[in-house]
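See structure below.
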Amino acid sequence: MHSVLSFLLPLLAWLSTFSSPDAHPAAADWTKNVGAKTLPTGKATFAVAKYGALPDGKTLSTKAIQKAIDAAAKKGGVVTFAPGQYLTGSIFLKRGVTLQLDKGVTLLGSQDLKDYPEMPSRIAGVEMTWPAALINVLDQDNVAITGEGTVDGQGKPFWDKYWAMRKEYDAKGLRWIVDYDAKRPRTLLVANSSNVTLKGITLQRAGFWTVHILYSKNVTADGLVVRNNIGGHGPSTDGIDIDSSSYVLVQNCDIDCNDDNFCLKAGRDWDGLRVNRPTEYILIQNCVAGAGDGLFTCGSETSGSIRHVIARGLKAKGTKYGIRLKSATNRGGVVEDILVEDIEMESVRVPIIMTMNWNPSYSYSTLPAGYTEATLPEHWKKMLAKVEPERGTPHFRNVTIRNLRATNAKEAISAEGLPVSQLENFTFENITMTAASAGKIDHAKGWSIRGLQIKAEDQEPVAVLNSTDMKY
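Residues -23 to -1, 1 to 449, numbered by mature numbering (1 follows the signal peptide of the UniProt record, and there is no 0), are exactly what the sequence shown covers, in order.
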């Protein structure tokens, strides 16, 4: 089937009998349960200076800061810093502890990888050994990181390492594994934890992902500022990644990075299907994005499924893509029950973009000649494990996008399903965009489109290809 949409898709009279499909009939219930439900109550303070930490930005103070954390954990308390710069490797927060980073305090991440001990984790959807983050909340409950201070990952040496390896790996046909071999520390990791509050701090120059919320529940990220394009453009410096976690609240955050700004993930390929843990019950609201690959992204790691999500009150200026759903044909999982509303975008390349065949050179793993699979590292074997087509086919369905304004885009809509997995039951309402071209919708089914206005410079309409039951 081939048809076209006009520049203005009017609200036809016969559609007036339809009510807007509520993507979240119980939204009022589950949104009350997102975010941390408790905060540490200990008021005793534990100044890192008393344990030997120096604010000179040169002396490695990892052990001193950890001693202060351990002391605070015995009864519950607040770890404090006098103004200054503190050089540190990985530190590990504990139950009942608040890490207070006041204005004028900067934690500087060590640029030596040996200061980040390796541990089991999950990276880009695959469980493997990886360096600990700069700040870690692992297997804990009731932890907070607050204040107006700064956490500076000092990531440029790790960026340079990646680009050098990337050049070598690309030449060998190994684009799909270089991100996993180029070990780089994340800035802040919350894993297997609950009731964690992250509030007010600035995080900058991440070596890899900035804030990674993994296998956790009831986490709040409120008022975080991320700046990863200082002194360069760090690869894969995502802003906030919510990974196989639930009941997470992200609000009032401001992210400028060099990859996905606000991103939901749930495992990759064979290993992600093995773990099979969803990301669900996520509320992201009142946030802004500058540079980055995606204002709001689901994927590309979709294996455990992503569902029950509200993203609202978001703004983007100069971000590469806006609302982005992405996966690959060996990834599997379902992206469903997503509501995105009240969105403003300026100079975003593609405001609405969806694909199930994202970045093939990265997404599909093929071992070049000259390698013996039996002697490969374990994470290589996981990446090479075959996924049967019926398990590997992703599905996107029941998505509502409404009240969106975008100006100065290159392509308004790029939505591509698969012949075996159509983009099913999408609702577009009250959307206005200006763009060089209107774009296309391919392999879609059961869409309801009302009040869509696209002013395209090339004066061509949106092309709708291979699609059925489209109401507009």
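Glycine is no exception: its CB is placed at the ideal position from the N, C-alpha and C atoms.
Around the beta carbon of residue 345, fewer than 16 other beta carbons sit within 10 angstroms, so the residue counts as exposed. Sequence-distant Cβ neighbours of residue 43 in its own chain, meaning closer than 6 Å and more than five residues away, are 68. Under DSSP, residue 331 shares a beta bridge with 302, 392. A buried status is given to residue 183, since no fewer than 16 other beta-carbon atoms sit within 10 Å of its beta-carbon. With fewer than three CB-CB distances shorter than 8 Å, the stretch 316 to 333 does not count as touching the stretch 342 to 360.
Annotated three-state conformation of residue 61 is strand, per DSSP. Looking at the DSSP output, residue 46 shares a beta bridge with no other residue.
For residue 252, no beta strand (DSSP E) segment is defined; the enclosing uninterrupted segment is the alpha helix (DSSP H) at 246 to 252.
Look at residue 448 here: in three-state DSSP terms it is strand. With a contact defined as Cβ atoms closer than 8 Å, residue 271 and residue 333 miss out at about 16 Å. The stretch 154 to 163 and the stretch 350 to 370 touch, with no fewer than 3 CB-CB distances between them shorter than 8 Å. DSSP assignment within the stretch 315 to 373 yields the following whole alpha helix (DSSP H) runs of 4 residues or more, N-terminal first: 337 to 340, 355 to 361, 366 to 369. One alpha carbon belongs to residue 423, the other to residue 403, and they sit about 7 Å apart.
Across the set 136, 330, 269, 260, the C-alpha of 269 shows the shortest separation from the C-alpha of residue 215.
Scanning its chain for C-beta atoms nearer than 6 Å, with the 5 sequence neighbours on each side dropped, one finds around residue 285 the residues 257, 258, 314, in chain order. Contact check for residue 327 and residue 391: beta-carbon distance about 5 Å, within the 8 Å limit, so the pair qualifies. With 16 or more neighbouring CB atoms inside 10 Å of its own CB, residue 195 falls in the buried class. For residue 204, the enclosing beta strand (DSSP E) begins and ends at 202 to 204. Straight-line spacing of the CA atoms in residue 101 and residue 244 works out to 7 Å. Between the stretch 111 to 126 and the stretch 137 to 144 there are fewer than three C-beta pairs closer than 8 Å, too few to call the two in contact. About 6 Å separates the Cβ atoms of residue 77 and residue 56, confirming a contact at the 8 Å cut-off.
Rounded to the nearest whole angstrom, the CA to CA distance from residue 31 to residue 336 is 45 Å. Boundaries of the alpha helix (DSSP H) around residue 138: 133 to 148. Beta-carbon to beta-carbon, residue 64 and residue 91 are separated by about 14 Å, too far to satisfy the 8 Å threshold. In the DSSP secondary-structure assignment, residue 271 is bridged to 237. Residue 253 and residue 279 have their C-alpha atoms spaced approximately 10 Å apart. At a cut-off of 3 residues, the continuous stretches assigned as beta strand (DSSP E) that sit fully inside the stretch 50 to 111 are 54 to 57, 61 to 65, 68 to 70, 74 to 77, 82 to 86, 95 to 100, 103 to 108.
Per DSSP, reduced to three states, the secondary structure at residue 10 is helical. From the listed residues 400, 166, 97, 376, the smallest Cα separation to residue 287 is found for 376.
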